[in-house]
DNA sequence: CATAAACCTTTACGTAACGTCAATGTCAAT
DNA sequence: ATTGACATTGACGTTACGTAAAGGTTTATG
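Chains as they are written, first to last, in our numbering: chain W, 36 to 289; chain D, 36 to 289.
Here is the structure:
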């Protein structure tokens with residue numbers, strides 16, 4: 036199937052100006068130009084436009100999108116998986132916002148009180164998202180393939196049950212950690228429970244366990260922006276808090 | 036509690052430039068200016084900023100936001116209820132996008148085909164949103180309460196409808212599954228129909244769908260005695276049969 | 001066959017919501 | 001007393017298009 040600008044624009048729900056602009060900045064060029072100078076798009080361009088729109092939906096600026104989709108190592112399928120991960124993240128952020136608005140409604144009715152900080156929960160995420168959009172591409176380029184390969188290899192070796200178990204653990208870590216963070220005490224029972232869950236989770240992936248390795252990973256959560264972003268996505272400072280808790284758990288000096 | 040620009044900015048996760056701009060365009064003026072010309076914000080401004088940020092999150096432009104929040108008939112509590120409605124809408128749209136990306140992944144793996152139109156499902160909504168943002172404020176001012184009431188009714192109706200739909204699906208799964216079990220063939224059309232119904236049912240509850248999740252649940256039906264008991268209550272072996280059918284449906288190896 | 005409607009083209013200026021200097025003043029703490 | 005972190009007001013820059021102008025092409029219709 037071939038499309039002119041307007042046809043493709045209507046299909047995708049964007050303006051023809053947008054497509055011309057995308058051509059201008061070299062992010063989406065038509066398959067060919069016909070004898071009258073009209074832009075003609077075909078299958079590959081339809082799929083690429085979809086990819087671009089996923090990135091845009093997730094708030095990435097066109098410059099970044101361009102550097103990703105024009106990269107020779109761009110893998111559409113991997114990108115789709117990444118889109119899905121980001122969309123799910125976005126949905127949990129939306130849930131935080133919805134919880135926020137719920138509490139705000141309750142507050143106006145005097146059914147509860149909110150601190151000023153709580154009034155902006157779920158919005159702050161934006162900053163992190165933008166940060167990810169800015170540095171994410173670069174980080175992917177740095178660690179990308181290596182990390183992907185590694186995790187894929189592990190994944191193949193795991194049975195589905197193991198996979199489920201690890202997912203369950205990861206989930207429990209997240210919720211326990213969120214609760215522990217509220218207490219503010221990395222030595223407290225909740226934080227130590229989170230650390231222990233994290234040990235279990237790690238043992239899954241490594242097949243073995245060592246206190247040194249555990250502490251090392253914990254430190255990495257603070258040093259490596261990718262992990263920091265992941266753990267801090269709900270509450271900034273969570274990565275650091277987890278590291279502190281794990282240091283105490285492993286008996287490491289902080 | 037009183038805030039300077041920077042303090043309030045950090046609290047809300049925006050830049051101080053943004054707050055100065057909001058002052059400039061008259062959308063959020065500080066409570067007062069101190070003797071050195073500093074902007075000082077207090078409680079009312081914190082709450083108003085939250086409102087503004089909800090509108091912004093939903094894609095409304097500042098001009099519209101201004102005309103709403105500066106209107107003498109602006110009702111913060113009503114606005115919060117409206118925010119919630121819009122956020123929930125936004126979430127269902129996100130779910131459409133997630134379903135889209137799921138199908139797109141399946142398509143790249145050759146597990147299904149997609150029309151070009153389907154590739155942009157969930158994006159198109161944007162246009163409607165923007166349209167709503169443009170003319171919504173005006174319409175609300177004109178029809179305000181009536182529209183709100185209507186949408187509230189729709190929400191209530193929707194949830195009941197959804198509830199009914201899921202019950203209907205569950206019922207259909209049970210009968211189809213019973214018939215399919217008679218055939219003894221988990222790859223047959225009846226069993227596959229049951230698997231598909233089960234997918235629909237699952238999508239209802241999860242808001243999204245993934246093969247892995249589907250297969251995981253299927254395995255759980257066999258592993259967890261509570262579920263096994265439920266599905267086997269009529270015919271022992273039904274849980275296992277359903278799992279096999281779903282594994283075939285999702286293309287999983289049994 | 002003409003002609004209007006509905007496309008397409010490039011060029012170019014406009015806009016929203018800030019980001020980012022620059023030049024300057026204020027405040028708290030060492 | 002000075003340093004560093006804050007504040008102020010301009011003012012120009014940027015992104016991702018919108019919008020209009022001036023014109024060529026295609027297609028449907030009288």
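Glycine is no exception: its CB is placed at the ideal position from the N, C-alpha and C atoms.
Please tell me whether residue i has its Cβ less than 7 Å away from any Cβ of chain W.
{"i": "residue 126 (chain D)", "result": "yes"}
{"i": "residue 93 (chain D)", "result": "no"}
{"i": "residue 139 (chain D)", "result": "yes"}
{"i": "residue 233 (chain D)", "result": "no"}
{"i": "residue 228 (chain D)", "result": "no"}
{"i": "residue 155 (chain D)", "result": "yes"}
{"i": "residue 286 (chain D)", "result": "no"}
{"i": "residue 53 (chain D)", "result": "no"}
{"i": "residue 63 (chain D)", "result": "no"}
{"i": "residue 112 (chain D)", "result": "yes"}
{"i": "residue 39 (chain D)", "result": "no"}
{"i": "residue 115 (chain D)", "result": "yes"}
{"i": "residue 277 (chain D)", "result": "no"}
{"i": "residue 271 (chain D)", "result": "no"}
{"i": "residue 212 (chain D)", "result": "no"}
Can you check whether the CB of residue j is closer than 7 Å to the CB of residue i?
{"i": "residue 284 (chain D)", "j": "residue 227 (chain D)", "result": "yes"}
{"i": "residue 293 (chain W)", "j": "residue 40 (chain W)", "result": "Residue 293 (chain W) falls outside the range modelled here, since chain W spans only 36 to 289, and no answer is possible."}
{"i": "residue 209 (chain D)", "j": "residue 232 (chain D)", "result": "no"}
{"i": "residue 112 (chain W)", "j": "residue 143 (chain D)", "result": "yes"}
{"i": "residue 83 (chain W)", "j": "residue 121 (chain W)", "result": "no"}
{"i": "residue 126 (chain D)", "j": "residue 123 (chain W)", "result": "no"}
Is there a Cβ of chain D sitting closer than 7 Å to that of residue i, yes or no?
{"i": "residue 96 (chain W)", "result": "no"}
{"i": "residue 148 (chain W)", "result": "no"}
{"i": "residue 109 (chain W)", "result": "no"}
{"i": "residue 263 (chain W)", "result": "no"}
{"i": "residue 250 (chain W)", "result": "no"}
{"i": "residue 118 (chain W)", "result": "yes"}
{"i": "residue 282 (chain W)", "result": "no"}
{"i": "residue 136 (chain W)", "result": "yes"}
{"i": "residue 47 (chain W)", "result": "yes"}
{"i": "residue 81 (chain W)", "result": "yes"}
{"i": "residue 85 (chain W)", "result": "yes"}
{"i": "residue 133 (chain W)", "result": "yes"}
{"i": "residue 216 (chain W)", "result": "no"}
{"i": "residue 106 (chain W)", "result": "no"}
{"i": "residue 151 (chain W)", "result": "yes"}
{"i": "residue 143 (chain W)", "result": "yes"}
{"i": "residue 204 (chain W)", "result": "no"}
{"i": "residue 129 (chain W)", "result": "yes"}
Taking 7 Å as the limit between beta carbons, can you name the residues of its chain near residue i, skipping five residues before and five after?
{"i": "residue 58 (chain W)", "result": "64, 65, 74"}
{"i": "residue 147 (chain W)", "result": "138, 141"}
{"i": "residue 135 (chain W)", "result": "156, 157"}
{"i": "residue 180 (chain W)", "result": "Note on residue 180 (chain W): pLDDT 36, under 50, position unreliable in the model; the coordinate value appears next. Hits under 7 Å: none found."}
{"i": "residue 88 (chain W)", "result": "47"}
{"i": "residue 211 (chain W)", "result": "225, 228, 229, 232"}
{"i": "residue 109 (chain W)", "result": "103"}
Which residues in the same chain have their Cβ closer than 6 Å to the Cβ of residue i, if we skip the five residues on either side of it in sequence?
{"i": "residue 253 (chain D)", "result": "278, 281"}
{"i": "residue 222 (chain D)", "result": "283"}
Our contact map puts residue i next to residue j with C-beta atoms below 8 Å; I'd like the distance itself, whole angstroms only.
{"i": "residue 274 (chain W)", "j": "residue 257 (chain W)", "result": "5 Å"}
{"i": "residue 138 (chain D)", "j": "residue 117 (chain D)", "result": "No, residue 138 (chain D) and residue 117 (chain D) are not in contact; Cβ-Cβ is about 32 Å, not under 8 Å."}
{"i": "residue 155 (chain W)", "j": "residue 46 (chain D)", "result": "6 Å"}
{"i": "residue 78 (chain D)", "j": "residue 104 (chain D)", "result": "No, residue 78 (chain D) and residue 104 (chain D) are not in contact; Cβ-Cβ is about 16 Å, not under 8 Å."}
{"i": "residue 81 (chain W)", "j": "residue 90 (chain W)", "result": "Their Cβ separation, rounded to whole angstroms, is 16 Å, which puts residue 81 (chain W) and residue 90 (chain W) out of contact at 8 Å."}
{"i": "residue 133 (chain W)", "j": "residue 119 (chain D)", "result": "7 Å"}
Cutting at 8 Å between CB atoms, please list the residues of its own chain near residue i, excluding the five before and the five after it.
{"i": "residue 218 (chain D)", "result": "225, 226"}
{"i": "residue 236 (chain W)", "result": "201, 204, 205, 208"}
{"i": "residue 62 (chain W)", "result": "87, 97, 100, 101, 104, 105"}
{"i": "residue 69 (chain W)", "result": "75"}
Please confirm whether any heavy atom of the ligand GTP lies closer than 6 Å to the CB of residue i.
{"i": "residue 144 (chain W)", "result": "Here there are no bound small molecules, and the ligand GTP is not part of this structure."}
In chain order, each beta strand (DSSP E) run of at least 3 residues that lies wholly inside the stretch 97-158 of chain W:
none
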